[in-house]
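Here our numbering is used: the first residue of the sequence shown is 8, the next is one more, and so on.
A virtual CB, placed ideally from N, CA and C, is assigned to each residue, including glycine.
Predicted model only: the values in this text are computed from it and were never measured.
Report on the following structure.
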Amino acid sequence: MDRTEEFEAERPRLVGIASRVLGDPSEAQDVVQQAWLRLHGTDTEIDNLPAWLTTVTTRLCLDRLRSRTPVPVDDLDPGETVGDPADEVALADTVGLALNVVLERLSPRERVAFVLHDSFGFEFPTIASVLDTTPAAARKLASRARAKVAQPAADDRLADWEVVDAFMAAAKNGEFDRLLRMLAPDATVSADDAAVLAGTPERIEGRDEVATFFNGSAQAALPVFVGERPGTAWFHLGEAKVVFDFTVADGLVRAITFRAAPDVLARVVRRDGGRSRG
């Protein structure tokens with residue numbers, strides 16, 4: 008079997024790892040293609056091709072994560088490099104979209120350590136090799152990540168706040184793929200009569216349609232409470248005009264209801280400390 012055939016045999020496993028680490032299947036495909044280009048461009052003799060591909064793919068993912076997120080100072084603890092990655096690993100199912108939201112809490116190295124160990128069963132010496140650190144440091148990174156991932160279960164309302172705010176940030180920044188990942192497949196947008204009169208759509212159905220509507224929009228929206236629920240509202244001259252009332256379950260946006268009825272607007276409280284005039 009030549010290198011091309013070996014690579015194609017490994018491709019599904021590599022895409023699975025990259026998808027889990029990055030939380031984006033299309034970006035994972037791009038990373039794996041980069042790994043292929045590196046393999047194609049090297050004349051180095053490779054004793055263990057699956058292990059080499061695992062290391063290259065994971066480090067490319069790490070580079071992508073670092074480009075998204077500043078690396079905390081206490082995450083920079085390189086030590087001695089040990090071993091080569093194992094050449095066999097069970098391919099786990101694609102990560103749930105809800106977990107992707109939680110993974111945003113993690114630093115790049117925490118995320119890699121957590122995913123490789125908890126999702127794919129890599130041993131810590133292997134993870135240390137990929138991260139260019141020690142097994143003890145790799146274990147610490149995974150443990151710290153596990154604690155952060157478990158945190159939302161103790162406070163579901165906090166998780167909802169994070170989902171709402173992450174969704175709106177993706178909308179304002181025009182991050183279409185991220186919007187898709189945060190929406191349930193059957194997500195809907197609806198509106199009360201007052202919101203329709205204010206110009207909002209009456210009904211939008213489906214993940215793609217909802218993501219398309221919000222992509223690059225809602226620049227004037229601010230974080231608010233709708234009763235006790237986290238939401239956002241469109242403001243004009245300091246006054247809330249339309250509330251975006253979110254329904255969040257299992258880390259996904261299931262529904263968004265535009266509300267502009269006077270009794271709803273009267274209960275709007277900004278979460279950033281400002282006040283709505285109304």
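If you draw a straight line from the C-alpha of residue i to the C-alpha of residue j, how long is it?
i      : j      : result
SER136 : ARG188 : 31 Å
VAL170 : ASP54  : 44 Å
ASP200 : ALA268 : 8 Å
VAL249 : PHE265 : 6 Å
ALA154 : ALA120 : 13 Å
ARG27  : THR140 : 21 Å
PHE221 : SER114 : 27 Å
GLU182 : GLU111 : 15 Å
ARG261 : GLY213 : 10 Å
ASP257 : SER33  : 23 Å
GLY225 : LEU244 : Here residue 225 turns out to be Ala, not Gly, going by the sequence shown. For ALA225 and LEU244, the distance between alpha carbons rounds to 15 Å.
VAL271 : VAL233 : 8 Å
ALA173 : PHE127 : 27 Å
GLN223 : GLU130 : In the sequence as displayed, the identity of residue 223 is Gly instead of Gln. If I take the Cα positions, the gap works out to 42 Å.
ARG45  : HIS124 : 25 Å
PRO230 : ASN180 : 16 Å
THR133 : VAL63  : 13 Å
THR65  : VAL255 : 31 Å
SER74  : GLN40  : 18 Å
With burial defined as no fewer than 16 other Cβ atoms inside 10 Å of the residue's Cβ, what is the status of residue i: buried or exposed?
i      : result
THR49  : exposed
ALA42  : buried
HIS287 : In the structure as shown, the chain starts at 8 and stops at 285, and residue 287 therefore has no counterpart that could be examined.
SER150 : exposed
LEU148 : buried
LEU138 : buried
Is the beta carbon of residue j closer than 8 Å to that of residue i?
i      : j      : result
VAL38  : LEU67  : yes
LEU72  : PHE14  : no
ARG118 : ALA143 : no
ALA218 : LEU186 : yes
ALA198 : THR207 : yes
PRO57  : GLU17  : yes
LEU259 : ALA178 : no
ASP184 : ASP31  : yes
Quick one: residues in its chain with C-beta nearer than 7 Å to the C-beta of residue i, no 5 flanking neighbours on either side, listed in chain order?
i      : result
ALA202 : VAL249, PHE265, ARG266 and ALA267
ALA318 : With the chain covering only 8 through 285, there is no way to say anything about residue 318.
MET175 : ALA225, ALA228 and THR239
ILE211 : THR195, VAL196, VAL217 and PHE220
ARG146 : PHE131
Find the nearest neighbour of residue i within the set the options, judged by alpha-carbon distance.
i      : options                           : result
GLU52  : GLU17, LEU69 and ASP9             : ASP9
ASP252 : ARG214, LYS179, GLY223 and TRP168 : TRP168
TRP241 : ARG185, LEU69 and ARG277          : ARG277
GLU273 : HIS47, ALA247 and SER197          : One detail in the question is off: residue 273 reads as Ala in this sequence, not Glu. Comparing Cα-Cα distances from ALA273 to each of HIS47, ALA247 and SER197, the minimum goes to ALA247.
GLU209 : THR133, PHE131, VAL196 and ALA218 : VAL196
VAL275 : LYS147, VAL255 and THR239         : THR239
Taking 6 Å as the limit between beta carbons, can you name the residues of its chain near residue i, skipping five residues before and five after?
i      : result
ILE263 : VAL196, PHE251 and PHE253
ARG236 : none
VAL122 : ARG27 and VAL28
ALA205 : VAL249 and ALA267
For residue i, which residues in the same chain have their Cβ closer than 8 Å to its Cβ, ignoring the five residues on either side in sequence?
i      : result
ASP215 : LEU187
Should residue i be listed as close to the ligand ADP, given that the test is whether its C-beta is under 7 Å from any heavy atom?
i      : result
ALA194 : Annotation note on the ligand ADP: not contained in the displayed structure, which lists no ligands.
Of all the CB atoms in chain D, is at least one closer than 8 Å to the CB of residue i?
i      : result
ASP215 : Included in the structure is just one protein chain, with no chain D present.
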